[in-house]
Structure formats: C-alpha cells, structure tokens
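*Asks:* Before anything else, here's the structure in question.
2 protein chains.
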Amino acid sequence: MAAAGIGGLLLTTPAEFTYFTGYLTRFWESPSRPWYLLLPVEGPVVAVIPAIGAVLMAQCAVDEIRTWPSPDGADEGRALLTEAIAEGVAGQGPIALPDGPEDVPRVGFSALADLQRRLSDLPGAVHLVGDGGLVAQLRARKTPEEIAAIADICDIAGRAFARVPEVARAGIPVDQVFRSFQALLLEEGADWVSYLAGGAGPDGYGDVISPARAVPLAAGDILMLDTGAVRNGYFCDFDRNFSVGPASAKAESAHARLLEATAAAFDAARPGVTMADLWAAMSPALGDAAVAGRRGHGLGLQLTEGASLLAHDHTVLEAGMVLTLEPAIETGAARMLVHEENIAITEAGARWLSPRVQGSMPVLEG
Amino acid sequence: MAAAGIGGLLLTTPAEFTYFTGYLTRFWESPSRPWYLLLPVEGPVVAVIPAIGAVLMAQCAVDEIRTWPSPDGADEGRALLTEAIAEGVAGQGPIALPDGPEDVPRVGFSALADLQRRLSDLPGAVHLVGDGGLVAQLRARKTPEEIAAIADICDIAGRAFARVPEVARAGIPVDQVFRSFQALLLEEGADWVSYLAGGAGPDGYGDVISPARAVPLAAGDILMLDTGAVRNGYFCDFDRNFSVGPASAKAESAHARLLEATAAAFDAARPGVTMADLWAAMSPALGDAAVAGRRGHGLGLQLTEGASLLAHDHTVLEAGMVLTLEPAIETGAARMLVHEENIAITEAGARWLSPRVQGSMPVLEG
Chain S
7 MAAAGIGGLL LTTPAEFTYF TGYLTRFWES PSRPWYLLLP VEGPVVAVIP
57 AIGAVLMAQC AVDEIRTWPS PDGADEGRAL LTEAIAEGVA GQGPIALPDG
107 PEDVPRVGFS ALADLQRRLS DLPGAVHLVG DGGLVAQLRA RKTPEEIAAI
157 ADICDIAGRA FARVPEVARA GIPVDQVFRS FQALLLEEGA DWVSYLAGGA
207 GPDGYGDVIS PARAVPLAAG DILMLDTGAV RNGYFCDFDR NFSVGPASAK
257 AESAHARLLE ATAAAFDAAR PGVTMADLWA AMSPALGDAA VAGRRGHGLG
307 LQLTEGASLL AHDHTVLEAG MVLTLEPAIE TGAARMLVHE ENIAITEAGA
357 RWLSPRVQGS MPVLEG
Chain C
7 MAAAGIGGLL LTTPAEFTYF TGYLTRFWES PSRPWYLLLP VEGPVVAVIP
57 AIGAVLMAQC AVDEIRTWPS PDGADEGRAL LTEAIAEGVA GQGPIALPDG
107 PEDVPRVGFS ALADLQRRLS DLPGAVHLVG DGGLVAQLRA RKTPEEIAAI
157 ADICDIAGRA FARVPEVARA GIPVDQVFRS FQALLLEEGA DWVSYLAGGA
207 GPDGYGDVIS PARAVPLAAG DILMLDTGAV RNGYFCDFDR NFSVGPASAK
257 AESAHARLLE ATAAAFDAAR PGVTMADLWA AMSPALGDAA VAGRRGHGLG
307 LQLTEGASLL AHDHTVLEAG MVLTLEPAIE TGAARMLVHE ENIAITEAGA
357 RWLSPRVQGS MPVLEG
C-alpha cells in the first residue's frame, strides 16, 4: 500500500472479508446491509459493520469492531465509517477500493456518492481511488492452506461427478439431473453449491449459461455439468461431459481435442510464462474449431477471479496461483463442447487439483 | 420515469435483468463481466452484454442486443454502452441507476467513474443519478404470476421442512444437517439453494448468520433452519424451529410468543397500513424480550428487497406486496429464537404463502 501511495484499503465484499479476516457467512445474500472493512497502511484494522454481525466478527482477525443497528433507513454506517477513516487514515493518503478485473464493490450508487462527499469534507480531504488491482494480485497468489482448501472442494466435486451415472440417463429431464447433481455435491461434502450450469444436446450444446430445462436426455446427447461448489469458502470450478449412449465419432474426437488442449496448457504452465502463453498452448489442438473467448481464469474465494487465459493477457504466472483451464470447441452449427480442469502453479510446474479426465467420455445409459 | 424527470434506467443486476426481461441464469456468480440493460423513457430497450449471453438474451423481452467479446481487458462494453445511451436517451434527461435500500449496482469502482466521464463528455452531457427507489417501488408490487412463483417455492420449502426429522436428530452434526436439508430442498423441487443459515443450542442460538459447524445436535437444543431457496428465479425466505427431544417450558413459551407476534402482524396487514404498524403489532407478544432489529422485509427476486418492518419505516402496504414476518425473542444471555413466515398483501388482507406454523415445535429424536 505504501509503495502504491495509498493510505488504506476499504473492503466491502464477501471474498475480501473472508480473505483478510476469515469472516465467512452466507448472509451476504441479503443486500440490505453494507459491510465495511478498513485496512489502514498503519494502525488497527477496523470492521464497520451491522450489529447483527458482531458476534461472528468477534471470532475473526480484526482489531476493532464498530457497529450500528442496520438496516436503519438513515446513513447505514457511513457516519461511523467516515469517523473510522478520519481517525485511522488521516494524512496517510487516499483510500483505495479494489478495482481489479473481477472486483465489484458492494455499495449502493447514492451511498458511494454520499461517502465520497463525506470523505472529501474531512480535514485533509480523503479521496476514494481504485487500488489498481493490488488486492487482486495479492489474492491471486494462494497460500498452501488456500490451495489445500481448493483441492478439497475439487475432490468433493470429483466424487460427485463420478456418481452422475446414478442420476442421469436417457429419459431423465435435464432440470432433474441438475437438482440431483447438486444433492450429490452436498452429500459428498460441499457446504453449498453456488454455481451449476451446463447443457445437453446431440453432439454438444448451444450455450452454457442457461438454466436447465425440463427436457429429457436422449440417446446421442452430450450432457455437460459445470459446477462451482464451495467448502470452507473456497470454490472449485470445473466441468465434465457425459455421453448418453455411445458418443458419435465427431463428439468423441472433439472431446479428445479438448483433453489435448488442456494437457498442452498444463505442460506449459510454470512460473514465468504468461496467461497468453497458456492460451496459445491450447491453439494447435483446437485448430479452426476453437470457440472464441477466454480459455480459463483465476479461482479461489470467487468462482472466477484475477487474470484470464486470453491471447492478449500477459499476466505472468507465479507459484501459488490457481487457474482453470477451459477450452471450448465447435462440433456443429451453434453446438460446442467445453472441458475444464483446475490446476495450481508450483515452482516445479503445474499440479492438477481437479481429478484430471483422461480417455473417452463416460457413457450414461442411453 | 417521465414524472421523475429521468431519461432512462440503467440496470446491471440479476434481479433487474430477470424482472424487466425474463433473463435468468446463474452465470452472475462470475463477476468477470458487466451486463447492462438500458430502458429509455421512449424507444427501444437495449441489452449491452457480453457475447456469451447473446443466445439466451435473444429469448428474452428486449428490442436490441449489442455484444462485445468479454472479458476483453479493455473497456468491457463501456464504449458500446455510451453509444447506446447517446442514441437512445440523448436529450431525454439523466440516466438513473436503481438506488433503493437494497439496490447495489454490479459495476466496478473505476468502471463506474469511467462511464460517468464518457457520458458527461457526450453532446448534452448525460448524467448518472439515483432513481430514488423507483424500481424498488415497482418491484415491490408483485403480479399474480410473481406471487404464484413465490408461493411455489414456499410450498417446496414447506415440504422440505416437514422432512427435517429424516435428517436431524441428537448426535448428527449441524453442518451435516445443513447439507442434508439443502438436498431435501432440491429433491422437493428447488432449482437451487441460495441461502441457508441457522443455529442450534440449548433453548436457542446466539447468532443466525454463522455457517454451520461440525457440532452434534444434543437433547435440549433448539435447531433453527432459515432458507432462501429459489425456483424460477423467485425466493422463499422463512425458517422453522425444531426441538431436539422435548422442549423446555421456556423455549416452548418463547416459540408460542413468536407465533403470536407473527399472527398479530398478519392480522394487521392490509393495504393502507405501514411497515411500522406491522412492527408495532408484534410488540405486545414479544414484550421486553424482543430482540432489536427489523421484524421482516420484502421478498421476491432477492432474498430481501424493499422496505423493512422497523419502528420508523412508514412505507404504506399495497396489494401485491410480499413480505416476511420475522420476530425474534431472547431466551437467555446471548440466546434467542427467531420465527419467520412469508405473506402476500391482498385487497382483503394478508394471505399466508409459507405453510403457517401452529402449535408446539416439532420434536426431533433426542
């Protein structure tokens, strides 16, 4: 922070609270209340939070907790926060909000404007600025404990994927498969399932972000399930493809090329190479059938975080980074297959966190 | 909008996209990409979105879809959005972002500042303003179809709650109960489970936002589960209390007072009364043991939305509103019980959406 010329960080999101203090709750689902964490370049770390969070926050790594009865219909803690900033950061420089590529502050539009006014009215006029991706860079390099947590949820999801044949076969509607698969994830140890997407269709699927529909699986379909399940606050993010009955030669060949692309990126991954290098490593296997878009991203306390596997993303890999490798390939008009694995970067190269798929697609009863 | 003097709305959140266009996806879990929906006071509704969303958005209620390949590491659609605003809103007034009490725009800090600069550079200088709660007020009055959707997920959760004795008894760790209960919700028809909180302890629990811990249930505990499950984009939000073995007279009496408080607010609820009136209706039953804080809130496409049952919230109830009634009562030092039901306001009064609890707490095997 000192090197970046900032006086402190103002943090507002679930991932930021968990990262810096260990505070973990699903209560963020309710947008009623703002939560603020002030990390000055020097001095105590102060949580300025709704009273309802005080009991849990007292068990976390903060020096001071200041609360207000929220929601209160009035200033929602902004006077209290301004006071904490005036005491803790006065004269130390501007306050930075994380503004890396995947950072979205959890503050209302008019609340943010009001806070900016209050701070600029302070003696010495404190300004809010972006952190230039400082927090994102810090979070991108995981500790061994963080990598173990991601490996844990990857194992859980791997066991759930292995049980998909129990819940998916020709005739079962895709929305039912989605429900059952989430139950399998929970049964195998996920705390909750923040993300499940997928698709199903002959030789592939048209889009991978729609909710599941009540359309029965049919022989010849490829079913893809892509999950971001959570354990102890950390996400996995990988998918698996399944063939309903025997796969066509076209689908099997496309799947093989995805595995090849993933392996090529894995082999290339080590400290010093760039995200763009991993992107490029996948290209020979995908050829002209490559689907446009990124081919992976950071992963951790968010489903997606940090840099992207894009041709023009020159972020340099460092030991401790956790990434998804996620190539996609066309199999026909508006049809594609996507494969995804999770890896960690070590000094010696990459390490699989998800249980790597090898060989042909698992076959569901057709 | 015209009455409020604004030229259009700029919408950025999942609930806003679903409400105005029907667009429904879990892809929002990834914060990589911003999504913009422009509703001018006159003229076409334009979605300015990442290319990955085009297939799904084409099935929704928008007039135009403009896409960019996202993430792109560059302006992330802001040039495209500025162009759409210049064409669609020029001269019609400022652009409003929702800023009701539970509205948080999904835009990065520096991205928002950059967008504001681009818009103020347009001929005629378009400004971003808050909507003064306009969208929140609109969304608070549900259509019959929306109320039916909420009733549907309430029924699903009601069936799952009725099955809790299958998965919870003395000796089973609370985190395991949380996993199993989420699986029951899915089995009964929830699309996904966005929220589950709760607590367990002798005669009550100390806080209701912590994640579940691996502590076994014990005879004499009261177990509370509070869920925001989702079906077709709509949430329920209610809880149930269970006694592990027979409840103490103190716990049973506290529970009875919560039911009494809930019934009093239900009886008072009709168009024309205020949120503060419902808050006050609960007070006689709770007496001095009332826990501070709001006693309910709006519900719909978010777990919590709109006004709060607070002593000073004078929002007037209207037919179509959907609310939670959520009194809390102390049962000892740092111990409480919370009860919650969901209701809809009709011309004739209130209607239960959750399957109202009556009588004593269900008893789990002790």
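Going down the list, the protein sequences come from chains S and C.
Under our numbering, the final residue of the first sequence carries the number 372; numbering is consecutive throughout.
Under our numbering, the final residue of the second sequence carries the number 372; numbering is consecutive throughout.
Think of the CB as a built atom: it goes at the ideal place given N, C-alpha and C, for glycine as much as any other residue.
Bear in mind the structure is a predicted one, so any value in this text is a computation, not a measurement.
#1: Can you give me the start and stop residues for the beta strand (DSSP E) that Arg72(C) sits inside?
#2: Give the C-beta separation of Cys66(C) and Gly28(C) to the nearest angstrom, bearing in mind that I take them to be a contact with Cβ-Cβ under 8 Å.
#3: What are the start and end residues of the alpha helix (DSSP H) that includes Met230(S)?
#4: Nearest CA to the CA of Ser360(S): which residue from Ala269(S), Phe23(S), Ala296(S), Val54(S)?
#5: If you draw a straight line from the C-alpha of Asp243(S) to the C-alpha of Leu231(S), how long is it?
#6: Ignore the nearest five residues each way along the sequence and tell me which others in Glu311(C)'s own chain have a CB closer than 6 Å to its CB.
#7: Taking Ile91(C) as part of the alpha helix (DSSP H), name the residues at either end of that continuous run.
#8: When you compare the CB of Asp319(S) with every CB in chain C, is at least one pair closer than 8 Å?
#9: Contact defined as beta carbons within less than 8 Å: I believe Val135(S) pairs with Pro179(S). What is the distance between those atoms, to the nearest angstrom?
#10: Along the segment 188–204 of chain S, where does the CB come closer than 8 Å to a CB of chain C? Name the residues.
#11: What does Ala298(S) touch in chain C if you count any residue whose Cβ is under 8 Å from its own?
#12: For Glu22(C), count the other beta carbons within 10 Å of its own beta carbon; 16 or more makes it buried, fewer makes it exposed. Which is it?
#13: For Phe33(C), which residues in chain S fall below 7 Å Cβ to Cβ?
#14: Would you say Gln143(S) reaches chain C, if we count a Cβ-Cβ gap shorter than 8 Å as a contact?
#15: Within 8 Å (strictly less), CB to CB, does Gly207(C) reach chain S?
#16: I'd like the span of the alpha helix (DSSP H) that includes Gly164(S), first residue to last.
#17: With burial defined as no fewer than 16 other Cβ atoms inside 10 Å of the residue's Cβ, what is the status of Glu151(C): buried or exposed?
#18: Inspect the beta-carbon positions of Leu343(C) and Gly302(C) and report whether they are closer than 8 Å.
#19: When you compare each of Ile12(C), Ala224(C), Gly299(C), Phe248(C) to Val363(C) by their alpha carbons, which one comes out closest?
#20: Using a beta-carbon distance below 8 Å, is Val110(C) in contact with chain S?
#21: Apply the 10 Å Cβ neighbour rule to Ala9(C) and answer buried if 16 or more other Cβ atoms are within range, or exposed otherwise.
#22: Against chain S, which members of the segment 83–108 of chain C pass a CB distance test of less than 8 Å?
#23: Name, please, each residue of chain C whose Cβ falls closer than 7 Å to the Cβ of Gln308(S).
#24: So, are the CB atoms of Leu329(C) and Ile349(C) less than 8 Å apart?
#25: What does the alpha-carbon distance come out to for the pair Asp227(C) and Phe184(C)?
#26: Output the distance between the C-alpha atoms of Arg147(C) and Gly164(S), rounded to the nearest integer angstrom.
#27: Quick check: the Cα distance between Gly139(S) and Ser314(S), rounded to an integer number of angstroms?
#28: Compute the Euclidean distance between the alpha carbons of Ala155(C) and Pro290(S), then round it to the nearest angstrom.
#29: Counting C-beta neighbours from all protein chains within 10 Å, is the total for Pro129(S) 16 or more, i.e. buried, or is it exposed?
#30: Answer with buried or exposed for Ala257(C), where buried requires no fewer than 16 other C-beta atoms within 10 angstroms of its C-beta.
#31: Could you name the residues that DSSP lists as bridge partners for Glu203(C)?
#32: Taking CB distances under 8 Å as the criterion, tell me whether Gly338(C) reaches chain S.
#33: Apart from the five residues on each side of it in sequence, which residues of its chain come closer than 7 Å, Cβ to Cβ, to Gln188(S)?
#34: Measuring CB to CB, does Gly299(C) end up less than 8 Å from Ile58(S)?
#35: Is it buried or exposed, Ala64(S), if we count other Cβ atoms within 10 angstroms and call 16 or more buried?
#36: Taking the alpha carbon of Ala287(C) as the point to measure from, which residue in Thr24(C), Arg263(C), Ala168(C) has its own alpha carbon closest?
*Replies:* The answer reads as follows:
#1: 70–74
#2: 5 Å
#3: No alpha helix (DSSP H) holds Met230(S); the beta strand (DSSP E) holding it covers 227–237.
#4: Ala269(S)
#5: Near 11 Å, if we compare the C-alpha coordinates of Leu231(S) and Asp243(S).
#6: Glu108, Gly304
#7: Start and end: 84–95.
#8: yes
#9: Their Cβ separation, rounded to whole angstroms, is 50 Å, which puts Val135(S) and Pro179(S) out of contact at 8 Å.
#10: Gln188, Ala189, Leu192, Glu193, Gly195, Ala196, Asp197, Trp198, Val199, Ser200, Tyr201, Leu202, Ala203
#11: In chain order: Ala57, Pro75.
#12: If you draw a 10 Å sphere on the C-beta of Glu22(C), you find 16 or more other C-beta atoms in it, and that means buried.
#13: Ala203, Ile215
#14: no
#15: Gly207(C) does not count as touching chain S.
#16: 150–168
#17: That one is exposed.
#18: no
#19: With distances taken between CA atoms, Val363(C) lies nearest to Phe248(C) out of Ile12(C), Ala224(C), Gly299(C), Phe248(C).
#20: yes
#21: exposed
#22: Leu103, Pro104, Asp105, Pro107, Glu108
#23: Pro37
#24: Cβ distance < 8 Å, so Leu329(C) and Ile349(C) count as in contact.
#25: 15 Å
#26: 44 Å
#27: 14 Å
#28: 48 Å
#29: That one is exposed.
#30: buried
#31: For the sequence presented, residue 203(C) should be read as Ala rather than Glu. Answer is Asp232(C).
#32: no
#33: Val199, Leu202
#34: yes
#35: Label assigned to Ala64(S): exposed.
#36: Arg263(C)
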